[in-house]
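Numbering (the numbering used here), first residue to last: 7 to 1043. The structure appears right after this line, and notes come after that.
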């Protein structure tokens, strides 16, 4: 038998094969395939008698019920196309749909036939019993329209998408592999009939001999859906991500009996996906769990990805492979396929492409284009407007929209249509609607920003707007919040500043903070109680200074790490400060004024709340605690696995001015391991729903000891290199500890300490804390004394904060301004060379004078010099730099925690807007303040969103106060041997070592890529430019 590609003929075939099988089940009332066929045929005859012909549009003004399904079948049988008209839609919208689609007749029920919604069109009541003489039903071609779905329109009105039989039949063909269709399935009809997901449910069941179970209209109630799934034994279920997330969070047991679950319509939370997978796997059930993608113009869905194939470090689900007879392309602006790592627009081809927009040939021709990749004459492809990135495995990952269309709980919404509805309210003068996403709770909301006419008459403007749009828009398009402005903010080009409004809450909060500018008449020479308390804390951290209200934290030498200490100490004493307040209002008065307006949620998420129950129950014996790996750790781990070199392995060697007692030193090492969990940590890459950090109970830091006494210089150097080579061997990240220690006696009063560690467990600041505490403890243990060290904050707090940052949509929007740089050849082995310089003492002294005069920290001055020097050497007028930023929590003990807290963020300065060094340094400082709110948004996420790295040169400035303390006490020598590896093409590091030799400039560059001598030239140019900043700050640049 030839394959049927007309929906109702496939249904007819099911009737012939199993007439007495249950076709529809609703409220425990069942209809067989035969009874549905009889009623559908009778209604089809009535439609023919009413003059309905091929390609006519017939409205169905009936709520979810067997009558609705029968009406759809009857319309198809006469060659017409059905248009669902949900009774809960606003009357004005339904009238528009009826008129725009040129609906010829509306099927309804007797009690609804006098509704004003359908008063202008002929109606036929489906529940009126009328026996009609059988007629010969017309032949229907697979090319004819089957149904019309209205989607949100950018012109202010919805637009109708026409879907042909062959497209819908392909969607639900038994030959598809993304889900199993067959007579044993029970498919829940959950989606509103006006949405394209309903086609999958209805025709997936009725054209394959399955049972279609109709949910009640109140399915949204979370208490009712789980009951429905269990009572009816649903086997196949299509959910929007929003509903899936809620079920996983609150009623996960409801999905236990559903063998086939597909989720689509919006981005799915990977955390929820892993939780669901873990529960299924733990129960030992066979199941199908797919992420599907596709717009209405692609006939519901065009691709599917099996979620069980997700890698443990996945942050989002790929769109997957096209379904059978569908095609998916990722093309650039010239309609050329992109290469792996590049982004482009997603296009859909094959049988999934809808016919077009009803009665809109112009718009259809813009979006439905000739398919240049198809050999079939007349083939078309649809331009989705979705941006994707092509991964190395050939799969497409969704990035976002290329226009203002958004998804709200799985529903497409054109913001222009919502704005058009609000603007039609007589009191509104201007409006801008934006999407706010709370990823922590997985809630999407539309927020309307509006201004009103000066002569507005309504007393309650907001309620007037709400009442007005309720007559125009369906509920899912209603804004959840309305924010009134005197005037909407504008860009320099005079357009509404949508980007600013997307982050309005944060910007508004910051703008309401008091200014740090005081006139002489406002300044008060006496400090308030809070200011005096804060000044005392500053003096403890920064040293003595004149405590006046205008005292500036950064002008006094403060930096971000010291800021954490200040904030934690202030909180202990009852003064609550946010880091953003300190950066934006860095004076005593500015900070204390801002502190009265800030609140910090003191509720802390412990480690057990960071992992799901399945992972908790899977923890092996001997594990003290566990928490997920951070994004930067994941990047280091997986890059290390696929690299031939021991990148991200650091080795440090120092001469210690203390005698070496092997037993005492070994015991001290183990005490450090007990104090700092990261020294007992290993990573598990595959046993859990995500990569985990596992902290082992037993501390076993390995120590190798030998003697260099009486070694000649050459012999000592040779042995030192041998030890460095031994320690350079790569770590297995799944075996703890990820540190090796070697101690060699030089003489009775001195030994050389060399240790290697995986960079995934320690950043530079943490290493300086490690060596300070280790030597202080060792010195005390040697003399038999005891010392007390303050407790470090838990590392899990940073993991929690990063998870929160991942859901920050303002951050995603902020970093979307950048674009990916051209990627380097991964197959080319880099040739890293290093060059160093030391700034002269007089230069450092003058720079510190400038810090006091300008109120700009050293870091900003150095970054300005780095930025200009690197841009000049690369000859890149659009240069974007990477800045290393610290993400430690603002809590007591965070500065003592060992771990990896670094992140890289892109920064672009406007060189055309400044003409001297002081102005460029201030712009650098302002740029760092701007990214402060987003400093924990992972660099890996930025790369993924942009389709590649946004910069090739990274800058870091480190001031290791702990190391300076060791130098002051004479516990270590100035000379040290530090060897590390990186994957960044250019890395520039400035090290503040004022207690030692001054300020170091270290430049590391891949000279295979940039040419021989690049690192040295850049180091020299940077040194010259810093000289200019010190002594010629007004020089034209």
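The beta carbon of each residue, even a glycine, is placed where N, CA and C say it ideally should be. Treat the numbers as computed from the prediction; the structure is a model and nothing was measured.
With a cutoff of 9 Å on beta-carbon distance, residue 334 and residue 355 are scored as near each other. Going by beta carbons, residue 999 and residue 992 fall outside the 9 Å limit. Taking 4 residues as the minimum length, the alpha helix (DSSP H) runs contained wholly in the stretch 702-734 are 719-733, in order along the chain. Looking only at 806, 926 and 840, the smallest Cα-Cα distance to residue 943 is reached by 806. Exposed is the label assigned to residue 1038, since fewer than 16 other Cβ atoms lie within 10 Å of its Cβ. In this structure, the alpha-carbon of residue 681 lies about 24 Å from that of residue 663.
Residues 666, 713, 714, 715 and 757 of the same chain have their beta carbon placed closer than 7 Å to that of residue 751, with the five preceding and five following residues left out of the count.
The beta carbon of residue 628 is closer than 8 Å to those of 702, 703 and 704 in its chain, skipping five residues each way along the sequence.
The beta carbon of residue 40 lies closer than 7 Å to those of 21, 25 and 26 in the same chain, with the five residues before and after it left out. No residue range can be given for residue 463, since it is assigned to no alpha helix (DSSP H) and is classified by DSSP as neither H nor E.
Linking residue 353 to residue 373 through their CA atoms gives a straight-line distance of about 10 Å. Nearest neighbour of residue 408 by Cα position, chosen from 592, 997, 579 and 822, turns out to be 822. Nearest in C-alpha terms to residue 77, of all of 52, 98 and 742, is 52. Exposure of residue 137 is indicated by the presence of fewer than 16 other C-beta atoms within 10 angstroms of its C-beta. By a beta-carbon distance limit of 8 Å, residue 165 does not contact residue 54. Their separation comes to about 29 Å. Taking C-beta atoms under 8 Å as the contact rule, residue 211 and residue 191 qualify, at a distance of about 7 Å. At least 9 Å separates the beta-carbon of residue 104 from that of residue 71.
Annotation: the stretch 144-207 contains the following complete segments of the alpha helix (DSSP H) (minimum length 4 residues), in chain order: 171-177.
If you look at residue 543, you'll find it in the alpha helix (DSSP H) that goes 535-548. By the Cβ neighbour-count rule, residue 45 is buried, with 16 or more other Cβ atoms within 10 Å of its own.
Boundaries of the beta strand (DSSP E) around residue 746: 745-753. In the displayed model, residue 414 falls within a strand according to three-state DSSP. DSSP, reduced to helix, strand and coil, places residue 438 within a strand of the structure shown.
Looking at the DSSP output, residue 217 bridges to 192.
Sorting 569, 575, 578 and 579 by C-alpha distance to the C-alpha of residue 587 places 569 at the top.
Scanning its chain for C-beta atoms nearer than 8 Å, with the 5 sequence neighbours on each side dropped, one finds around residue 481 the residues 94, in chain order. Taking a contact to require three or more Cβ pairs closer than 8 Å, the stretch 177-197 and the stretch 151-164 do not qualify as touching. DSSP, reduced to helix, strand and coil, places residue 278 within a helical segment of the structure shown. The C-beta separation of residue 594 from residue 678 comes to about 37 Å, leaving the pair out of contact by the 8 Å criterion. The beta-carbon separation of residue 475 and residue 427, rounded to 5 Å, stays under the 8 Å limit for a contact. Excluding the 5 residues flanking it on each side, residue 314 has same chain C-beta neighbours closer than 7 Å at 283 and 295, in chain order.
Per DSSP, the unbroken alpha helix (DSSP H) holding residue 935 starts and ends at 923-937. DSSP places residue 693 outside any alpha helix (DSSP H), giving it a letter other than H or E. Contact between residue 280 and residue 696 holds: their C-beta atoms lie close to 6 Å from each other, under 8 Å. Cα atoms of residue 880 and residue 827: separation of roughly 13 Å, rounded to the nearest angstrom. Looking at the DSSP output, residue 343 shares a beta bridge with 337.
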